[in-house]
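A.B. asks: Okay, here's the structure, questions in a sec.
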Amino acid sequence: MPFSKLQKNDAYFSRYQVKYKRRRQGKTDYYARKRLITQAKNKYNAPKYRLVVRFTNKDIICQIVHSEIGGDKVFCAAYAHELKAYGITHGLTNWSSAYATGLLLARRVLKKLELDEAFTGVEEADGEFTLTEAAEVDGEERRPFKVFLDVGLTRTSTGARVFGAMKGCSDGGVFVPHSENRFPGYDMEGKELDAETLRKYIFGGHVAEYMETLADDDEERYKSQFSGYIDDDIEADGLEELYQDAHKQIREDPWKKEDGDAPKKSKDEWKAESKKYRSNKLTKAEKEERVKAKIAEITA
């Protein structure tokens, strides 16, 4: 057996610098993050906002975030499970729900900034490519609230749901710099966007098509897969109207609560809640007494 040179010796390990914790965990792409949070120096201390979109198995999280030295601060947030208050109770992680969640976030943040009347966005979604432009407020030109899309580790394939949330936020009146290249319906060869295909995705047309196909081909599987829709009497041809009503309600009241929601707790109530199950620390004498009592119980 030939001798091989020891590549990783003590000198190598003593000089090894570990990567950031979230890189080691595989959670953060620091190459992208560095570019998303670095602000132009001539803007001084102005925050640079990001539209953070994340998907879980049962929910969609949309947040507007800016970074500070001490960490990231969430300015406004919307979640797909909140869409139940607007009549969307099924398919909370599909493309149409991603659009609705992005729209909900946009209307919330503009309401918070008191810009909701000046920047209405696209009130009736038609699938056309648009960007939010400056508007006139009190006789002066006002630029729109600007955010940059943060996809995290999501693969940015054409038609990905993350672009549904971005489109919803853009149509809601927030300026999100983007192009139409990654929307469903974009033709790579012809370099054109089919607005009708994009509109179909916004209003659940792709889900309706699948429902109809499955109902014709395999009724048993249809009843199993869409049992929730069947229980609530939601049919394929009623999906578009359902999403249109939801979009209208979101614009009317972006902070609407679901019926039966408990009232919001105050800080004092949350403080009392956190202390409810907390056990007080024992003193040294109390611990010794506890040990003696346990020994006496065992030996008795």
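Going by our numbering, the first residue of the sequence shown is number 217, and it counts up by one from there.
Every residue gets a Cβ at the ideal spot worked out from N, C-alpha and C, and that includes glycine.
Could you round the C-beta distance between Arg215 and Thr374 to whole angstroms and report it? I think they count as a contact, below 8 Å.
C.D. replies: Because residue 215 is not part of the residues shown, which for the chain are 217 to 516, the question remains open.
A.B. asks: Need the endpoints of the beta strand (DSSP E) that Gly303 sits in, please.
C.D. replies: On the sequence shown, residue 303 is found 87 positions in, with the first residue counted as 1. Element bounds for Gly303: n/a, residue is neither H nor E.
A.B. asks: Please report the distance separating the alpha-carbon of Met404 from that of Ala488.
C.D. replies: On the sequence shown, residue 404 is found 188 positions in, with the first residue counted as 1. On the sequence shown, residue 488 is found 272 positions in, with the first residue counted as 1. Those two C-alpha atoms are separated by around 57 Å.
A.B. asks: CA-CA distance, Val529 and Ser440?
C.D. replies: Lying before the first or after the last residue shown, residue 529 is absent from the chain, which here runs from 217 to 516.
A.B. asks: What did DSSP end up calling Val507 once you bin it into helix, strand or coil?
C.D. replies: Locating residue 507 in the sequence shown gives position 291, where the first residue counts as 1. The answer is helix: DSSP assigns Val507 an H, G or I state.
A.B. asks: Jot down the residue ranges of each uninterrupted beta strand (DSSP E) in the segment 378 to 460, minimum 3 residues, whole runs only, in chain order.
C.D. replies: Listed in chain order, there is nothing to give.
A.B. asks: Say yes only if the C-beta of Asp453 is nearer than 7 Å to one or more non-hydrogen atoms of the ligand FMN, and no if none qualify.
C.D. replies: Looking at this structure, you won't find the ligand FMN or any other ligand, since it has none at all.
A.B. asks: The beta strand (DSSP E) that contains Lys487, what's its start and end?
C.D. replies: Looking up residue 487 in the sequence shown gives position 271. From DSSP, Lys487 is part of no beta strand (DSSP E) but of the alpha helix (DSSP H) over Lys483 to Lys492.
A.B. asks: Identify the residues that DSSP records as bridge partners of Ile280: which are they?
C.D. replies: As a working note, residue 280 is residue 64 in the sequence shown. Ile280 pairs with Leu267 and Cys292.
A.B. asks: To the nearest angstrom, how far is the alpha carbon of Leu365 from that of Ser490?
C.D. replies: Taking the sequence shown and counting its residues from 1, the one referred to as residue 365 is at position 149. Taking the sequence shown and counting its residues from 1, the one referred to as residue 490 is at position 274. Spanning the two alpha carbons is a distance of roughly 35 Å.
A.B. asks: Quick check on the DSSP output: the beta strand (DSSP E) that includes Val353 runs from which residue to which?
C.D. replies: Looking up residue 353 in the sequence shown gives position 137. Per DSSP, Val353 belongs to the beta strand (DSSP E) from Ala351 to Val353.
A.B. asks: What residues are listed by DSSP as bridge partners for Leu365?
C.D. replies: Looking up residue 365 in the sequence shown gives position 149. Answer is Leu267.
A.B. asks: Closest to Val378 by C-alpha separation, out of Tyr459, Gln233 and Ile276, would be which residue?
C.D. replies: Position 162 of the sequence shown holds residue 378. Residue Ile276 is the option with its Cα nearest to Val378.
A.B. asks: Taking Cβ positions, are Val390 and Phe361 nearer each other than 8 Å?
C.D. replies: Counting from 1 along the sequence shown, the entry for residue 390 is found at position 174. Counting from 1 along the sequence shown, the entry for residue 361 is found at position 145. Yes, they are a contact pair.
A.B. asks: Does the distance from the C-beta atom of Thr348 to that of Ser313 stay below 8 Å?
C.D. replies: Along the sequence shown, read from residue 1 onward, the residue named residue 348 stands at position 132. Along the sequence shown, read from residue 1 onward, the residue named residue 313 stands at position 97. Going by C-beta atoms, Thr348 is not nearer than 8 Å to Ser313.
A.B. asks: Just confirm the distance between the C-beta atoms of Tyr295 and Lys472, as a whole number of angstroms; I'd bet it's less than 8 Å.
C.D. replies: Within the sequence shown, the letter at position 79 stands for residue 295. Within the sequence shown, the letter at position 256 stands for residue 472. Tyr295 to Lys472, Cβ: 13 Å. No contact.
A.B. asks: How many Å lie between Tyr402 and Lys221 at the Cα?
C.D. replies: Along the sequence shown, one-based indexing puts residue 402 at 186. Along the sequence shown, one-based indexing puts residue 221 at 5. Approximately 54 Å, taken between the alpha carbons.
A.B. asks: Can the beta-carbon of Arg239 be found less than 8 Å from the beta-carbon of Val363?
C.D. replies: Counting from 1 along the sequence shown, the entry for residue 239 is found at position 23. Counting from 1 along the sequence shown, the entry for residue 363 is found at position 147. No. Outside cutoff.
A.B. asks: According to DSSP, which residues form a beta bridge with Gly287?
C.D. replies: Taking the first residue of the sequence shown as 1, we reach residue 287 at position 71. Paired residue(s): Glu284.
A.B. asks: Report buried or exposed for Ile304, applying the criterion of at least 16 other Cβ atoms within 10 angstroms of its Cβ.
C.D. replies: Taking the sequence shown and counting its residues from 1, one reaches residue 304 at position 88. Label assigned to Ile304: buried.
A.B. asks: Would you give the residue range spanned by the alpha helix (DSSP H) that Arg240 belongs to?
C.D. replies: If you number the sequence shown from 1, residue 240 lands on position 24. Element bounds for Arg240: Lys237 to Arg240.
A.B. asks: With 16 as the cutoff for other CB atoms within 10 Å, does Pro519 come out buried or exposed?
C.D. replies: Lying outside 217 to 516, the shown extent of the chain, residue 519 is not represented and no answer is given.
A.B. asks: Is the segment 318 to 331 in contact with the segment 492 to 507, if contact means three or more CB pairs nearer than 8 Å?
C.D. replies: No: the two stretches stay apart, fewer than three of their Cβ pairs being nearer than 8 Å.
A.B. asks: Decide if Leu498 is buried, meaning its Cβ has at least 16 other Cβ atoms within 10 Å, or exposed.
C.D. replies: Counting from 1 along the sequence shown, the entry for residue 498 is found at position 282. That one is exposed.
A.B. asks: On the criterion of 16 or more Cβ atoms from any shown chain inside 10 Å, does Lys483 qualify as buried, or is it exposed?
C.D. replies: Counted from its first residue, the sequence shown places residue 483 at position 267. Lys483 is exposed by the Cβ-count criterion.
A.B. asks: Return the chain-ordered list of same chain residues with a C-beta closer than 6 Å to the C-beta of Phe291, the five sequence neighbours on each side being excluded.
C.D. replies: Along the sequence shown, one-based indexing puts residue 291 at 75. Within the same chain, Phe291 has close Cβ partners Ile280.
A.B. asks: My guess is that Gly521 and Trp311 are in contact by the Cβ rule of under 8 Å, so how many angstroms apart are they, rounded?
C.D. replies: Here the chain covers residues 217 to 516 and nothing more, so residue 521 does not appear.
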